[in-house]
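Let me begin by presenting the structure, written as structure tokens, before commenting on it.
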Amino acid sequence: MSSAAVRRVPRAAVIGVTMAAGLMVLPMLWVLILSLKDSSALMADTTTAFSPPWTLVNYANIVGDGQVAVWLLNSTIVSLLMTGGVLFLSSLAGYGFARLEFPGRNILFIVVLFGLAIPEQAVIIGRHQLFAAAEMHNTYTALVMPGLSAPFGVFLMTQYFRAIPREIDEAAMLDGASRFRVFWRVLLPLTVPAQATLGIFTFFHAWNDYWWPLISATNRDMLTLTVGIAASQQNFAQAEGLGFLMAQAVFAGLPVLIIYVIFQKYIVRAVAGAAGQ
Amino acid sequence: MAGVELSGVSKRFGDVSVIDNVSLEIAQGEFVVFLGPSGCGKSTLLRLVAGLEQLDEGAILIDGNRVDNLPPGKRDVAMVFQHYALYPHMTVRDNLAFGLRNTGVSEDEIGGRIATAVEKLEIGDFLQRRPGQLSGGQKQRVAIARAIVKQPKLFLFDEPLSNLDAALRARTRIELAQLHQQLRTTMIFVTHDQVEAMTLADRIVVINERRIEQIGTPMEVYRRPATSFVASFVGTPKINLVPVTAANAGGLAAARMPDGTLLETTIPWDEALARDGATLGLRPENVRITGATQGQAPATARVVERLGERTIVYAALADGTLLTTEDRGDSTVQPGDEVGLAIDGNAAHLFAADGTGHHAGAA
Chain A
31 MSSAAVRRVP RAAVIGVTMA AGLMVLPMLW VLILSLKDSS ALMADTTTAF
81 SPPWTLVNYA NIVGDGQVAV WLLNSTIVSL LMTGGVLFLS SLAGYGFARL
131 EFPGRNILFI VVLFGLAIPE QAVIIGRHQL FAAAEMHNTY TALVMPGLSA
181 PFGVFLMTQY FRAIPREIDE AAMLDGASRF RVFWRVLLPL TVPAQATLGI
231 FTFFHAWNDY WWPLISATNR DMLTLTVGIA ASQQNFAQAE GLGFLMAQAV
281 FAGLPVLIIY VIFQKYIVRA VAGAAGQ
Chain B
4 MAGVELSGVS KRFGDVSVID NVSLEIAQGE FVVFLGPSGC GKSTLLRLVA
54 GLEQLDEGAI LIDGNRVDNL PPGKRDVAMV FQHYALYPHM TVRDNLAFGL
104 RNTGVSEDEI GGRIATAVEK LEIGDFLQRR PGQLSGGQKQ RVAIARAIVK
154 QPKLFLFDEP LSNLDAALRA RTRIELAQLH QQLRTTMIFV THDQVEAMTL
204 ADRIVVINER RIEQIGTPME VYRRPATSFV ASFVGTPKIN LVPVTAANAG
254 GLAAARMPDG TLLETTIPWD EALARDGATL GLRPENVRIT GATQGQAPAT
304 ARVVERLGER TIVYAALADG TLLTTEDRGD STVQPGDEVG LAIDGNAAHL
354 FAADGTGHHA GAA
């Protein structure tokens with residue numbers, strides 16, 4: 031965007047957006063400030079959060095609490111595996127749908143798109159029974175596998191591959207590249223923006239997923255951070271461990287924040303694209 | 004040995020025939036242009052040679068070796084695409100090196116070849132840039148350099164100038180001609196632009212509706228068009244095609260034009276010209292403007308285009324038939340002026356009802 035275009039944004043819009051952003055941030059700041067207070071002080075009166083002394087004891091407790099570290103590790107493993115798996119499978123499927131000629135391709139693509147219309151709730155019992163029968167609950171495989179069926183990812187990557195001119199493939203073929211080399215060295219690098227978008231959204235989805243881990247992971251050592259925090263909430267009782275709970279919430283949100291900061295460019299591009307750029 | 008040989012090549016997409024039994028020999032080092040309108044099959048023919056399409060019938064030989072069963076990368080050809088088809092995520096240097104690395108050329112050799120191509124095409128300043136940072140003309144030079152570094156037996160150009168502006172197109176055309184003179188490698192160039200074909204080609208292959216209409220040097224194609232299609236496709240301004248009645252005048256053909264003017268030609272008489280009517284072909288430069296009472300046919304100037312070195316006058320015959328004619332650059336003719344037309348019967352063409360051309364001199 032040119033600087034001229036930036037200047038044309040009305041002042042009222044800037045003020046409005048700033049206020050809306052402030053409203054969005056307020057609860058997060060509230061969580062942050064509560065996390066910096068000792069739980070016993072908050073038990074008496076939460077407004078003490080605005081006055082010193084502030085402390086990092088809640089964060090120290092998290093680091094010292096082996097259970098939270100395990101949940102954090104579980105969430106990280108599950109999110110990374112799911113993100114990697116979705117990117118790998120969606121890229122291959124997208125390339126296949128966009129570039130390979132095979133019987134039933136269009137029908138198969140429509141079947142994949144139907145996956146977008148089926149809510150998780152509709153299949154959760156069957157999925158639970160399937161994993162229970164296979165005795166796979168309380169494993170990383172069970173936590174990751176359902177998320178690998180990503181119709182949106184396949185759709186996104188198919189559209190992205192289709193948008194790459196075929197002349198690029200043909201030039202590479204004339205340059206003596208094998209089909210795999212065309213895919214790996216020429217086309218796949220061109221899909222990095224789509225990969226980044228899909229990767230970020232998949233990671234966020236996996237990190238924040240609550241329902242399936244709640245069903246599949248019943249062993250306390252296999253809980254993910256979201257399920258673990260929720261469980262803590264019940265056990266500690268909100269009034270007694272509010273500071274610790276808020277510190278857990280901040281801690282759980284940190285990786286997402288870090289991912290956002292690193293990949294901000296791609297997220298903004300993805301959202302702008304979704305808004306019909 | 005022919006550089007390239009196409010023998011009975013046919014190609015169908017489903018039930019639709021796009022190339023129909025095409026045979027052609029291209030000599031080693033020759034610059035051949037496939038010329039034809041959009042959809043005539045010229046690009047498909049080029050893609051068949053490249054291996055980007057599989058042929059249904061026939062054979063393709065390069066340097067005497069049959070290649071139609073080989074993948075594109077094994078045919079020893081290089082292609083320059085209409086939209087450049089550079090790899091957007093690679094630097095210019097990597098674009099040039101990619102194909103060589105695929106075929107196992109040593110890094111030293113790659114460096115040497117790139118240096119030569121860079122010098123030839125003057126692209127040294129942006130070797131480390133990505134294609135997105137280049138102008139259209141620069142991209143085109145890189146695309147040509149990418150083809151050159153491969154040192155192929157055959158260069159294929161698929162309308163490579165169509166995305167350039169007029170000035171750059173003219174400049175690149177000259178550079179391509181110079182490149183061919185330097186390399187003396189066989190080149191096939193596809194275009195729908197007859198100026199490109201006329202200026203670049205050793206021989207032009209005029210293609211229309213899936214078939215070759217004529218193969219010849221630019222001047223053969225211009226002066227002795229095999230069909231009325233070739234006559235109308237080659238030449239600017241377009242040739243005048245006028246329905247006439249042809250008759251035998253002592254072994255030579257005479258044409259009665261719609262306004263009653265009888266034009267005597269030096270075209271040997273052929274009975275085919277008498278069947279189902281004939282068409283007279285007159286290049287604008289062979290229909291000159293003269294004084295109102297001179298020339299073979301009176302006419303009225305309708306539109307005058309002053310091009311500097313010559314003037315194009317669109318003149319209507321008595322029956323309203325509009326002819327494109329030429330006058331001197333300093334012509335004073337105005338629209339509405341009565342003029343005479345001096346028609347050079349020796350340069351006239353006659354086309355039989357099936358479109359076959361008949362010309363003065365040898366049949």
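Protein chains in written order, with my numbering: chain A, 31 to 307; chain B, 4 to 366. C-beta atoms are modelled at their ideal positions from N, C-alpha and C, and glycine is treated no differently. Since we're looking at a predicted model, the values are computed, not measured.
Query	Result
Does the segment 83-96 of chain B come within contact of the segment 28-42 of chain B, defined as at least 3 CB pairs closer than 8 Å?	no
Quick check on the burial criterion: 16 or more other C-beta atoms within 10 angstroms. Buried or exposed for A:Tyr125?	buried
Quick one, which residues of the segment 115-127 of chain B are near chain A if we go by CB-CB under 8 Å, in chain order?	none
Taking the alpha helix (DSSP H) that A:Tyr89 belongs to, which residues open and close that run?	Val87 to Gly94
Use the C-beta contact count for B:Phe34: other C-beta atoms within 10 angstroms, 16 or more gives buried, fewer gives exposed.	buried
Taking only the alpha-carbon atoms, compute the straight-line gap between B:Gly284 and B:Pro246 and give it to the nearest angstrom.	9 Å
So B:Ala257 and B:Glu267 are in contact, right, with Cβ under 8 Å, and what is the actual spacing, rounded?	5 Å
Hey, out of A:Val280, A:Phe127 and A:Gly177, whose CA is closest to A:Phe185's CA?	A:Phe127
Could you pull the start and end residues of the beta strand (DSSP E) that B:Val193 belongs to?	Thr189 to Thr194
Counting only beta-carbon atoms, is B:Gly102 nearer than 8 Å to chain A?	yes
If you compare alpha carbons, which of A:Gly273, A:Trp84, A:Asn88 and A:Phe118 is closest to A:Thr18?	Any property of residue 18 of chain A remains undetermined from this structure, which presents chain A solely from 31 to 307.
Considering only their Cβ atoms, is the gap separating A:Ser65 from A:Trp237 smaller than 8 Å?	no
Tell me which same chain residues have a C-beta within less than 7 Å of the C-beta of A:Val212, skipping the five on either side of it?	Asp199, Ala202 and Met203
Flag B:Val12 as yes if its beta-carbon sits less than 8 Å from any beta-carbon of chain A, otherwise no.	no
Could you work out which residues of chain B lie near A:Gly206, taking near to mean beta carbons separated by less than 7 Å?	Gly76, Gly102, Asn105 and Thr106
What alpha helix (DSSP H) runs, 4 residues minimum, are completely inside the segment 188-258 of chain A?	196-204, 222-238 and 241-246
Alpha carbon to alpha carbon, how far is A:Gly156 from A:Pro181? Give it in angstroms, no decimals.	19 Å
Determine which residues share a DSSP beta bridge with A:Gly183 and list them.	Per DSSP, none; premise fails for A:Gly183.
How many angstroms separate the CA atom of A:Ile63 from the CA atom of A:Val39?	34 Å
Any idea what DSSP makes of A:Glu165, helix, strand or coil?	coil
When you compare only the Cα positions, how much space is there between A:Phe233 and B:Glu112?	45 Å
Determine, using beta carbons only, whether B:Ala148 comes closer than 8 Å to chain A.	no
Would you list the one or two residues that DSSP bridges to B:Ile69?	Just to set this straight, residue 69 of chain B is Arg in the shown sequence, not Ile. Per DSSP, B:Leu64.
Could you check where the beta strand (DSSP E) with B:Glu308 kicks off and where it finishes?	Ala300 to Arg309
Confirm, please, whether the CB-CB distance from A:Val100 to A:Ile92 is below 8 Å.	no
How is the beta strand (DSSP E) around B:Asn98 delimited, first residue to last?	Segment Val95 to Asn105 is the alpha helix (DSSP H) holding B:Asn98; no beta strand (DSSP E) there.
What are the residues that DSSP puts in a beta bridge with B:Gln217?	B:Val209
What residues of chain D sit near A:Arg211, judged by a beta carbon separation below 8 Å?	No chain D appears in this structure, whose protein chains are A and B.
How far does the beta strand (DSSP E) with A:Ser65 in it reach, from first residue to last?	Careful: A:Ser65 lies outside any beta strand (DSSP E), inside the alpha helix (DSSP H) at Arg41 to Ser65.
Which partner residues does B:His362 have in the DSSP bridge list?	B:His352
Assuming B:Thr230 and B:Gly358 are in contact, meaning their beta carbons sit under 8 Å apart, how far apart are those beta carbons, in whole angstroms?	4 Å
Let me check understanding here. Comparing Cα to Cα, which of A:Asp205, A:Leu138 and A:Leu103 lies closest to B:Asp97?	A:Asp205
Taking 8 Å as the limit between beta carbons, can you name the residues of its chain near A:Leu178, skipping five residues before and five after?	Met112, Gly115, Val116 and Leu119
To the nearest whole angstrom, what separates the beta carbons of B:Pro367 and B:Gln143, a pair I think is in contact under 8 Å?	This structure does not reach residue 367 of chain B, given that chain B is present from 4 up to 366, and the question cannot be answered.
With H, G and I counted as helix, E and B as strand and the rest as coil, what does DSSP make of B:Pro134?	helix
Can you give the Cα-Cα distance for B:Asn3 and B:Arg286, rounded to whole angstroms?	The question about residue 3 of chain B has no answer, for chain B in this structure spans 4 to 366.
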